[in-house]
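Following our numbering, the numbering of the sequence shown begins with 101 at its first residue and continues without gaps. See below for the structure under consideration.
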Amino acid sequence: MLFQGFESVSYFPHILPNGFGCSIFLASPFLCLLFREGGRYKVAAWVAIASLTLVLWCHGNPGSWQFSYRYAMILLPWMFLLLTANGTAKITVSEISLFAVSVAINGMATWLFLWTEQIQP
101 MLFQGFESVS YFPHILPNGF GCSIFLASPF LCLLFREGGR YKVAAWVAIA
151 SLTLVLWCHG NPGSWQFSYR YAMILLPWMF LLLTANGTAK ITVSEISLFA
201 VSVAINGMAT WLFLWTEQIQ P
């Protein structure tokens with residue numbers, strides 16, 4: 101969930117997502133904004149994220165054929181609280197850039213899985 105990277109291959113596109121999941125922060129660099137300072141619900145949100153992550157890790161198996169970590173969907177409400185409460189009220193260039201990179205990475209992974217033969221079960 102945190103450390104699995106992409107696979108390096110000698111042909112285009114030269115990096116491939118692992119079919120058994122990869123780091124949630126590599127798949128969505130936008131989530132790095134979770135670690136910004138400030139926020140009203142910071143402690144409660146991090147306690148909820150840590151508790152839910154512990155339960156998810158006790159499951160012991162991320163499943164099969166997925167991009168990133170699909171079970172982390174239950175963390176999104178708490179991550180949303182952190183993202184909206186941390187930082188400034190105005191959207192910055194770095195936030196837009198991280199969001200664009202996240203969309204591009206997920207778009208590439210979707211394209212590779214659905215419309216090519218490079219990532220198949």
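Glycine residues also receive a C-beta, built at the ideal position from the N, C-alpha and C atoms. Only a predicted model underlies this, so the values are computations on that prediction, with no experimental measurement involved.
Spatial neighbours of residue 181 in its own chain (CB-CB distance under 6 Å, excluding positions within 5 residues in sequence) are listed in chain order as 141, 145.
Between the stretch 130 to 138 and the stretch 190 to 207, the count of C-beta pairs closer than 8 Å reaches three or more; the two stretches touch. For residue 124, the secondary structure class from DSSP, reduced to helix, strand or coil, is helix. By the Cβ test, the stretch 181 to 195 is not in contact with the stretch 109 to 124, since fewer than three Cβ pairs between them sit closer than 8 Å.
Between residue 106 and residue 134, the C-beta gap is not smaller than 8 Å, which leaves the two residues out of contact. Within the same chain, and ignoring the five residues on either side of residue 186 in sequence, the residues whose Cβ sits closer than 6 Å to its Cβ are 136, 138, 139. Less than 8 Å separates the beta-carbon of residue 175 from that of residue 152.
The distance from the Cβ of residue 113 to that of residue 208 is about 7 Å, consistent with a contact at the 8 Å cut-off.
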